[in-house]
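Right, one structure below, let's go through it.
Protein chains in written order, with the numbering used here: chain Y, 2 to 373; chain F, 2 to 414.
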C-alpha cells in the first residue's frame, strides 16, 4: 500500500522541473505567445531526447519508453507549472491515447513511433463549432466511402495544435456508425484557421474538411468507446497540468506575500492573506491526491476510472481557477497588469475549466457514474 | 503508487470480517439502528469480544492487553468495523483511554504507571477524561492557568478545565497543569493523572446546542494526586501532550472516509425518497460531496502510506482534519436542504451519535438524526484545532509566512 510517487518518480520529477525551469521561463512563455508555431522546437527535441517525455505512455515496441501514465502525469504537472510543453497534450495525451485505445496495430505502428520521438506531432479533433463535449456532438463531420478511400466533409473546432500537426485524428459519422480517421496535415481540401484564444500560451484551430482523405483508425462503428475512454484519460491529464498550475500560483502568492510590505510588515503576516494561501495549499494537495488516484486508475484501467476522471476534471478545474484568481487578488494592483504573470495562469485556468467540459458537466457525469 | 494491500494484510482483513460475522446477529443493520437502551444492552458483550481479541486497544503491545497491530492492520480493523456499523470504542471514555492516554503512557510512563493504569483502562475500571482546554485557554492552549504545587508527596491542583468529552463518566482525568509559575506558555507545564472521585474535583455537564451532554467541565479546588502520577518528567508536559497528536491522523483517515461514505449513502436514500436524486442542483451537490469523500479517502491512504513507511507526517496530516470537518458541515447542510421544512420540525429515531458521522443503521428518513448531526457538525471545525488555527499553522509552518505578532492588546480597546 503506497499512495505517492516512488523515489525514482521523484527523481524524474526533479529532472523535469529543472528542464522546464531552464527552457520555459516567464520570458520564454511570453516570447512564444507571439511565435507562429507556439513552442520552442529545440526544447521540444530535448524533451524527447533527454527526458523521453513524449513517449512515456507509449509501449517500447512502438518506440516509447513504456513507463506509465503516472510518469506522463508527472511530466504534465511540470509542464502545467511552467506553462510549457508545447504540443505535448495534443500529441502524447490526446492522439497517443486515442491510437492505443483503438487497438488498431497498423495505425499504432504508423504513428506512435513518431509521436514518441517527437518527430511527428499529432492531435485529436472531436468537438465541433458548438464546443459541446457531449459525445453526441462529435459526429457532425461526415465520412463517405468513395469506393477506394474515405473522404471527410464538415467542420471541427477547438483542436489543439492543428496548425503544426502532421496527423490529425478526427471523429466522423460513417454509414456504419461513429468512426475515427487519421488525416495527414496539411492536405488538399483541409482548411485550418487559428482561433484567437484567451489563453495565449496554447494554440487551437478550426478545421474545415472538403473531401479530405482519411484512413480509418479502428473499426468503423467502434469509435464511441475509444473516444469516451480517450477523453477520460485526457481529463486526468488536464488535471495533472492544473495541479502544476495551482502549485505555481501558490508559490507566486507566497513569495509576494513575504516581500510586499504594507503597514510596516510583509502582507503575509496578515491572517486574511495567510488564510487565502493556506486554502490554496489545501486545494493543491487535495487536487494532487485526486490526480494521483485517477492516474493510477488510468494506468491500471480500473473499473472506477470514469468516476475518478470526472471527479478529477471537476475538482481540479475549480481548484486551479480559485488558486489563479486568488493569486491575482493577493498581488493587488500589479496582479492585474499585463506585465505580471498572474494573468497567464488565470487565463490557462479559465480555459482549462471549459475545455473537455465544465465542472458542472463532469459532476453530472459523475452522478451518472455512481448511479445516482 | 500501489493501492493493493499485502497478502498478509488481506488475510488480516479476512480475519476481521470473519470475527465480525461471528459476533453480530444475523439481522444486524449497524449499531445506528439500535436505540440507547438496546445499544447499552448489546455493547457489553461486544466490548468483551474486542477485549479478548486484543482489538479494544489495537495499537497497544500485547503485554498490556493490546493487539500490537501494525499501522496497516489498525487501519484495516477500523475500516471494517466502520463498514459493519460496529463501534471500535464501545463506551464513551474508551477512545480517550485507548488512543490518547494509552499511547502517552506507553511513550512516557514509568513501568509502575503502565502496570497500574493500562490494564485498568482496558477493563473499563478506569475511565478517562482529557484535561487540556480551559475556559480561558482554547486555541491558546499553552496559556493555561491550572496550577499544581507539590506538597510533600502530593500535587495540589487548583484551576478549571472545560470541554472534557465524556467527562461526566470519567473517574480519572489526565491534565496539563502549570508546575513552574515562572515559566511561560508551553514551558513549565506538567502532565498529571488525577482521580476524579475526591472532594476537590467538581464535574458539571455541558449541554451542547443539540441538547446533548457529551461534554463536561471540571473545577479543581485543592484537588490532590500522588507525586508518582506525574508523567514524563516535571515541566515536560507540553512535549508529553504533543506526542499523541500524530497517532490518530495516521490511521484514522481511511475509516473516517468509510464513515462519511456510509453517511452519504444515507443521504442519497433520503434524496431518492423525496425524488431529489433527479433534481439537477441536488445532483451537483451530491456529486461534489461524493468527490470530497473520495478525496478524504485519498488523504487517508496517503497518511496510511506514510505511517506504514515510518515516514514523518506529510502534507495530508495538516489538512485532513480541517477538510473533513468542513466537508461534514457541507453534507449536513445538504441533508437539511433535502429534508426541507420537515427538517425544522424533526421527528424519527435518534441514534447514539457522537461528534462524527452517524454510524451504519441510522434511519435515513429520520430528521431527528439529520438535524442533530447537522447541529453537531458546527463543532467539528472548532474542536481539535479550529479551522482558523489550522490555516495559521499551514501558512506559518508549511508556507513560511510571518508568524502572528505576539503583542498583548488589553481587552476593551
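Where a beta carbon is used, it is the ideal one built from N, C-alpha and C, also for glycine.
Nearest candidate by alpha-carbon position, reference residue i, set the options
i, options, result
"residue 15 of chain F", "F/78, F/56, F/34", "F/78"
"residue 87 of chain Y", "Y/103, Y/114, Y/124, Y/69", "Y/124"
"residue 270 of chain Y", "Y/290, Y/258, Y/197, Y/279", "Y/258"
"residue 61 of chain Y", "Y/94, Y/114, Y/14, Y/235", "Y/114"
"residue 290 of chain F", "F/268, F/310, F/304, F/274", "F/268"
"residue 293 of chain Y", "Y/138, Y/242, Y/221", "Y/242"
"residue 389 of chain F", "F/286, F/322, F/370", "F/322"
"residue 400 of chain F", "Y/301, Y/251, Y/264, Y/268", "Y/251"
"residue 230 of chain Y", "Y/76, Y/156, Y/64, Y/96", "Y/96"
"residue 365 of chain F", "F/310, F/194, F/272, F/169", "F/272"
"residue 326 of chain F", "F/277, F/316, F/379", "F/379"
"residue 320 of chain F", "Y/225, Y/342, Y/282", "Y/282"
"residue 168 of chain Y", "Y/139, Y/37, Y/215, Y/198", "Y/215"
"residue 297 of chain Y", "Y/72, Y/263, Y/111, Y/128", "Y/72"
"residue 254 of chain F", "F/334, F/302, F/209, F/393", "F/302"
"residue 51 of chain F", "F/90, F/32, F/62, F/42", "F/90"
"residue 266 of chain F", "F/312, F/84, F/386", "F/84"
Pair within 8 angstroms by beta-carbon distance, residue i and residue j
i, j, result
"residue 287 of chain Y", "residue 324 of chain F", "yes"
"residue 329 of chain Y", "residue 347 of chain Y", "yes"
"residue 48 of chain Y", "residue 119 of chain Y", "yes"
"residue 44 of chain Y", "residue 24 of chain Y", "yes"
"residue 1 of chain F", "residue 330 of chain F", "With chain F covering only 2 through 414, there is no way to say anything about residue 1 of chain F."
"residue 126 of chain Y", "residue 232 of chain Y", "no"
"residue 167 of chain F", "residue 215 of chain F", "yes"
"residue 130 of chain Y", "residue 158 of chain Y", "yes"
"residue 74 of chain Y", "residue 238 of chain Y", "yes"
"residue 79 of chain Y", "residue 14 of chain Y", "yes"
"residue 353 of chain Y", "residue 318 of chain Y", "yes"
"residue 84 of chain Y", "residue 30 of chain Y", "yes"
"residue 109 of chain F", "residue 173 of chain F", "no"
"residue 364 of chain Y", "residue 300 of chain Y", "no"
"residue 99 of chain F", "residue 194 of chain F", "no"
"residue 165 of chain F", "residue 211 of chain F", "no"
"residue 339 of chain F", "residue 277 of chain F", "yes"
"residue 62 of chain F", "residue 69 of chain F", "yes"
Rounded Cβ spacing between residue i and residue j (contact assumed at less than 8 angstroms)
i, j, result
"residue 166 of chain Y", "residue 186 of chain Y", "5 angstroms"
"residue 288 of chain F", "residue 368 of chain Y", "5 angstroms"
"residue 35 of chain F", "residue 48 of chain F", "Their Cβ separation, rounded to whole angstroms, is 14 angstroms, which puts residue 35 of chain F and residue 48 of chain F out of contact at 8 angstroms."
"residue 144 of chain F", "residue 186 of chain F", "6 angstroms"
"residue 296 of chain F", "residue 154 of chain Y", "Incorrect: roughly 45 angstroms between the Cβ atoms, too far for contact."
"residue 222 of chain Y", "residue 180 of chain Y", "7 angstroms"
"residue 205 of chain Y", "residue 191 of chain Y", "Rounded, the Cβ-Cβ distance is 16 angstroms, inconsistent with contact."
"residue 97 of chain F", "residue 75 of chain F", "17 angstroms between Cβ atoms; not a contact."
"residue 63 of chain Y", "residue 21 of chain Y", "In fact, because the Cβ distance is near 26 angstroms, the residues do not count as touching under 8 angstroms."
8 angstroms Cβ cut-off: residues of chain Y touching residue i
i, result
"residue 3 of chain F", "2, 3"
"residue 278 of chain F", "373"
"residue 317 of chain F", "286, 290"
"residue 71 of chain F", "Simply none; closest approach about 11 angstroms."
Burial state of residue i (16 or more Cβ within 10 Å)
i, result
"residue 249 of chain Y", "buried"
"residue 339 of chain Y", "exposed"
"residue 348 of chain F", "exposed"
"residue 280 of chain Y", "buried"
"residue 277 of chain Y", "buried"
"residue 203 of chain Y", "buried"
"residue 135 of chain F", "buried"
"residue 150 of chain F", "exposed"
"residue 73 of chain F", "buried"
"residue 265 of chain Y", "exposed"
"residue 226 of chain Y", "exposed"
"residue 81 of chain F", "buried"
"residue 342 of chain Y", "buried"
Proximal residues of chain Y, C-beta to C-beta of residue i below 7 angstroms
i, result
"residue 289 of chain F", "364"
"residue 21 of chain F", "Correct list: empty, because the minimum Cβ distance to chain Y is about 21 angstroms."
Cross-chain neighbours of residue i in chain F, by beta carbon under 9 angstroms
i, result
"residue 266 of chain Y", "403, 406"
"residue 294 of chain Y", "2, 4, 295, 296, 298, 299, 302"
"residue 278 of chain Y", "392, 395, 396, 400, 402"
"residue 11 of chain Y", "Under the 9 angstroms cutoff, chain F gives no residues; its nearest Cβ is about 12 angstroms from residue 11 of chain Y."
Contact list for residue i against chain F, beta-carbon separation under 8 angstroms
i, result
"residue 283 of chain Y", "320, 323, 324, 395"
Test: residue i CB closer than 8 angstroms to a CB of chain C
i, result
"residue 297 of chain Y", "You won't find chain C in this structure, because its protein chains are Y and F."
Residue i: contacting residues in chain F (beta-carbon distance under 7 angstroms)
i, result
"residue 269 of chain Y", "402, 403"
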